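Chemist: Counting from 1, one number per residue, gives the positions in the sequence shown under the UniProt record's numbering. Glycine residues also receive a C-beta, built at the ideal position from the N, C-alpha and C atoms. These figures come from a predicted structure and were not determined experimentally.
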Amino acid sequence: MSSPAKKRKQNDVDNSPHKTRSIVSFFKGPSVQKPKLPELQPETTEQTLSDEALARKIQAEWNQEDTSQSAATAAASNESTSADLEQSTSTSASAIPTNTTSTTTASSILPKKNTLSLQSSAGTEDSMSLMIPLDQNPQVFDMSKYVSELQAHWAGEGGDASYALLTRAFVLANATTSRTKTVDTLVNFLRILIEVDPSSLLPAVWLATNSISPPFDELELGLGGSSISKALKKIYGLDNQGLKTLYDKHGDAGDVAFEAKKRQAFTLVKPKPLKIKGVYQSLLKIATSKGSGSQEMKQRLVEKLLQDTRGAEESRYIVRTLVQNLRIGAVKTTMLIALARAFLYSKPSGASFEVRSQQEIARLKKDELVEMYGNAEEIVKASYARHPNYNDLVPCLLEIGVTEELLIRCGLALHIPLRPMLGSITRDLSDMLTKLQGRDFSCEYKYDGQRAQVHCDEKGKVSIFSRHLELMTEKYPDLVSLVPQIRGESVSSFILEGEVVAVDQATGDLQPFQTLTNRAKKNVELGAITVNVCLFSFDLMYLNGEPLLDRPFRERRELLRSLFVEIPNRFTWVKSIDATSANSETVLEFFKSATDVKCEGIMVKVLDNTIKNNGAVQELSSDNGLPGATTQPIEPAETIKPAKEKSTRRKALLSTYEPDKRLESWLKVKKDYSTSSETLDLIPVAGWHGQGRKAKWWSPILLAVRNPESGVLEAVTKCMSGFTDKFYLANKEKYAEGSPNVISRPSWVQYNGEPDVWFEPQEVWEMAFADITLSPTYPAAIGLVSEERGLSLRFPRFLKAREDKSIDEATTSDYLALLWRKQAERTNDDVPGQTEQENIGWQEE
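Written as structure tokens, this is what we have:
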């Protein structure tokens with residue numbers, strides 16, 4: 001294979017050995033040229049040339065042929081003219097030079113058959129899309145100025161919406177830090193598609209949300225970095241060194257594509273306009289290509305996408321889409337808000353639902369506008385939380401708009417996971433008791449396992465989904481086989497939720513989370529299972545075709561426990577007690593019992609939609625809250641004293657199940673949040689570009705311990721918890737790319753991964769954590785507790801920067817190993833060979 005230097009030489013139009021001089025030659029005196037022996041030159045083939053070099057080579061050959069043909073034609077013409085001169089009169093002779101010139105000129109400008117010409121890449125951008133001010137306020141954005149022109153423009157290119165318009169939205173969203181501007185940009189972009197090309201709306205939503213399918217039916221592109229690199233080199237004529245230089249400078253594959261496209265002066269073929277639907281279909285083809293030859297097919301599709309980009313920005317966002325990191329600061333919530341608002345302004349041709357005119361909306365008062373937006377957004381968010389699939393949501397919106405019917409047409413359904421309800425974090429038990437004064441609540445063990453959502457239909461088909469909506473039915477065939485046994489006679493279909501925990505079947509003892517991660521994820525055979533599990537169920541959201549989300553938790557729990565059958569150590573209920581804030585001593589004892597059996601802590605859930613106020617019971621509802629109500633503090637026992645109530649006005653804490661919401665009607669109290677927990681002083685050494693709302697900051701951040709013998713810093717964990725927005729901003733400014741605080745990969749930091757940036761080690765952060773685990777990923781303390789694995793932290797959380805400490809005073813690998821041994825002694829959990837699930841994927845938000 002040719003080296004990068006040889007390839008550059010081959011790609012040069014003037015391949016002369018005397019064209020360049022080395023820098024040394026400028027400092028030497030004149031030398032006598034010695035005859036050189038002929039050298040064997042590597043064969044230059046069309047495969048080794050870039051588009052531009054190949055086009056120049058072919059064009060030069062054809063130009064040479066044209067010159068030879070023109071010379072021959074001119075010579076023949078001159079001979080003919082001389083013969084004619086001998087026989088013509090003087091009057092006709094005077095006209096011959098003019099005729100000769102005319103003949104030659106005409107011959108030179110006649111189009112040659114199959115002539116190849118280089119196409120300039122400048123000016124190929126879609127100027128129509130670049131003119132549209134998508135970032136204007138939707139109340140003043142005048143679509144009428146652009147709709148007819150866009151229709152005509154797209155009609156000449158096949159009729160579908162161009163990818164250039166989506167790129168325009170990406171560029172404007174990326175150029176602002178204002179969330180309002182980002183939403184406005186997406187709203188106006190979506191409105192154009194709704195009215196001009198509704199068929200492109202769904203693909204555009206998928207592309208703008210950096211995905212191509214729902215998480216429970218996830219399609220992986222399966223592209224490695226080499227595929228993108230090969231395509232960049234082939235399409236843009238880069239060599240290995242040029243590609244590395246650009247990547248070292250920019251650190252983002254999309255930015256590399258942007259610079260490479262800008263430098264491409266010519267292209268072999270004028271690119272065909274990319275379409276939104278075409279890009280999405282290409283991604284689907286890449287994701288679904290399987291079997292022999294699939295990698296070659298994927299490579300061709302990637303190259304075709306890059307070849308057809310018109311302009312540097314399209315190249316940037318095609319590549320960012322391929323690497324699945326758009327970095328536009330828009331997340332799922334932003335898209336749902338934009339969809340809700342867009343359908344208030346626009347509807348597709350022929351749709352029957354009502355929309356309000358732009359002028360009418362512009363006349364609304366601020367609070368009226370906020371209410372209108374809020375109502376629409378709540379409907380769309382609620383529908384998506386119950387049915388998180390744009391393939392169903394977007395067609396429903398195009399048909400019926402933002403109406404209450406959307407919650408029925410696109411609501412809770414079997415085998416489509418609803419987004420789980422989340423609990424709020426409390427610092428300690430006294431904080432929890434204060435928040436729930438006057439309420440009946442249930443305390444449940446918070447098991448150290450994996451949250452699972454189990455669906456079963458009338459035919460007995462079972463689906464199991466993770467907290468992140470990933471389908472994991474194949475991982476738990478033992479749970480699937482349990483369903484016929486646990487389902488009572490009156491149960492035909494259901495959706496229940498619980499925690500899957502590794503359990504010793506003989507003793508019933510709970511096993512740590514690390515044991516659960518040893519189970520294979522796919523193709524698990526019942527007879528080959530070595531890690532047994534138990535499902536501790538805690539909620540029932542759907543029963544016999546009827547959603548139960550609006551029922552109080554006490555009622556849902558009663559249905560669950562009365563209609564399903566327990567199987568010891570395989571299927572049972574979470575251990576729980578019912579209490580009030582007056583039972584603080586009982587709650588404390590329950591919390592201690594949970595941590596004693598290796599649980600993370602407890603979950604506390606409001607039981608009813610009622611509140612007790614001086615003995616009176618007041619019913620709460622989801623739409624009116626608790627207007628002006630006050631509560632008298634109920635003095636708990638002296639064991640735990642709640643903090644003083646800051647306000648007399650209380651929010652309604654409903655006991656209904658609220659998908660995708662983090663509410664204080666569910667509270668979690670975990671052992672690692674206790675102020676008495678052990679902390680470590682770690683050194684931040686690297687970071688990654690954040691996702692979604694955190695796209696403009698570094699998140700997560702890699703932290704390390706210090707090896708006191710070698711002085712090397714050993715990576716121990718990633719952290720993305722405990723930081724405030726103010727801290728994120730200050731941290732990004734401190735470690736800004738190009739600043740002295742950002743360095744190239746340091747040799748004194750041990751980590752096998754590839755962060756986006758490396759920090760100059762200079763500060764110490766105090767970190768809280770839940771447990772220390774053996775890890776195949778992190779090298780901290782490797783060799784001290786295991787020859788093959790290092791140590792890592794579960795649920796790391798930033799507490800504060802230790803300005804009083806230098807990096808020489810940071811936690812050492814020796815001390816980390818000591819803490820791990822003490823933890824193993826306390827829990828009797830010293831089992832070599834256990835692995836760690838990446839804490840970033842599992843840690844609570």
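I need the straight-line Cα distance from residue 577 to residue 444, nearest angstrom please.
Modeler: For residue 577 and residue 444, the distance between alpha carbons rounds to 7 Å.
Chemist: Would you check if there are 3 or more beta carbon pairs closer than 8 Å linking the stretch 184-204 to the stretch 216-236?
Modeler: The stretch 184-204 makes no contact with the stretch 216-236; the number of CB pairs closer than 8 Å stays below 3.
Chemist: I want to know whether the stretch 560-567 touches the stretch 501-518 - three or more CB-CB distances under 8 Å.
Modeler: no
Chemist: What span of residues does the beta strand (DSSP E) with residue 431 cover, start to end?
Modeler: No beta strand (DSSP E) holds residue 431; the alpha helix (DSSP H) holding it covers 429-435.
Chemist: Tell me whether residue 177 is buried or exposed, calling it buried when 16 or more other Cβ atoms sit within 10 Å of its Cβ.
Modeler: With fewer than 16 other Cβ atoms within 10 Å, it is exposed.
Chemist: From what residue to what residue does the beta strand (DSSP E) around residue 542 run?
Modeler: DSSP places residue 542 inside the beta strand (DSSP E), whose first and last residues are 533-543.
Chemist: With H, G and I counted as helix, E and B as strand and the rest as coil, what does DSSP make of residue 681?
Modeler: strand
Chemist: So for residue 421, helix, strand or coil by DSSP?
Modeler: coil
Chemist: When the Cα of residue 573 is compared with those of 491, 371 and 446, which residue comes out closest?
Modeler: For residue 573, the nearest C-alpha among the options comes from 446.
Chemist: Please report the distance separating the alpha-carbon of residue 650 from that of residue 497.
Modeler: Bear in mind that a pLDDT of 49 at residue 650, under 50, signals an unreliable position, so the model cannot answer this.
Chemist: Can you list, in chain order, the residues of its chain with a C-beta nearer than 8 Å to that of residue 732? Leave out the 5 residues immediately preceding and following it.
Modeler: Cβ neighbours of residue 732 beyond the five flanking positions: 696, 697 and 698.
Chemist: What does DSSP give as the partner residue(s) for residue 487 in the beta ladder?
Modeler: 564
Chemist: Does any CB atom of chain D fall closer than 8 Å to the CB of residue 570?
Modeler: The structure shown has no chain D; it contains just one protein chain.
Chemist: In the DSSP assignment, find the unbroken alpha helix (DSSP H) run with residue 399 in it and report its ends.
Modeler: 390-400
Chemist: Write down every uninterrupted run of the alpha helix (DSSP H) in the stretch 360-387 whose length is 4 residues or greater and which is fully enclosed by it, in chain order.
Modeler: 366-386
Chemist: Report back the beta-carbon spacing between residue 126 and residue 162 to the nearest angstrom; my notes put them in contact at under 8 Å.
Modeler: 6 Å
Chemist: With a floor of 3 residues, list each beta strand (DSSP E) that falls wholly inside the stretch 446-523, ordered by position along the chain.
Modeler: 450-456, 462-466 and 494-502
Chemist: Taking DSSP as the reference, what is the three-state secondary structure of residue 167?
Modeler: helix
Chemist: May I ask you to report which of helix, strand or coil DSSP gives residue 405?
Modeler: helix
Chemist: Nearest to residue 502 by CA position, among 687, 773, 298 and 535, is which residue?
Modeler: 535
Chemist: Where residue 184 and residue 208 are concerned, what is the direct C-alpha to C-alpha distance, given to the nearest angstrom?
Modeler: Rounded to whole angstroms, residue 184 to residue 208 spans 14 Å at the Cα level.
Chemist: Can you tell me whether residue 228 is buried or exposed? The criterion is at least 16 other CB atoms within 10 Å of its CB, across all chains shown.
Modeler: buried
Chemist: Rounded to whole angstroms, what's the CA-CA distance from residue 422 to residue 660? Just pull it up for me.
Modeler: 7 Å
Chemist: Please work out which residues of its chain come closer than 8 Å, Cβ to Cβ, to residue 811, disregarding the five sequence neighbours upstream and downstream, and give them in chain order.
Modeler: 680, 681, 682, 705 and 706
Chemist: Beta-carbon within less than 6 Å of residue 150's beta-carbon, same chain only, minus the 5 sequence neighbours each way: which residues are those?
Modeler: 196
Chemist: How is residue 698 classed by DSSP in three states: helix, strand or coil?
Modeler: strand
Chemist: Determine, using beta-carbon pairs with one atom in the stretch 333-346 and one in the stretch 296-312, whether at least three such pairs fall under 8 Å.
Modeler: no
Chemist: Let me check understanding here. Comparing Cα to Cα, which of 782, 204, 807 and 769 lies closest to residue 796?
Modeler: 769
Chemist: The alpha helix (DSSP H) with residue 584 in it runs from where to where?
Modeler: 584-596
Chemist: In whole angstroms, what is the alpha-carbon distance linking residue 325 and residue 275?
Modeler: 20 Å
Chemist: Is the beta carbon of residue 377 sitting closer than 8 Å to the one on residue 340?
Modeler: yes
Chemist: Three-state secondary structure (DSSP) at residue 193?
Modeler: helix
Chemist: Jot down the residue ranges of each uninterrupted alpha helix (DSSP H) in the stretch 245-287, minimum 4 residues, whole runs only, in chain order.
Modeler: 253-263
Chemist: Give me, in chain order, the residues of the same chain whose beta-carbon lies closer than 7 Å to that of residue 169; leave out the 5 immediate sequence neighbours on both sides.
Modeler: Cβ neighbours of residue 169 beyond the five flanking positions: 134, 185, 186 and 189.
Chemist: Please check the pair residue 166 and residue 204, which I expect to be a contact at CB under 8 Å, by giving their CB distance rounded to whole angstroms.
Modeler: Yes, residue 166 and residue 204 are in contact; Cβ-Cβ is about 6 Å, under 8 Å.
Chemist: May I ask you to report which of helix, strand or coil DSSP gives residue 689?
Modeler: strand
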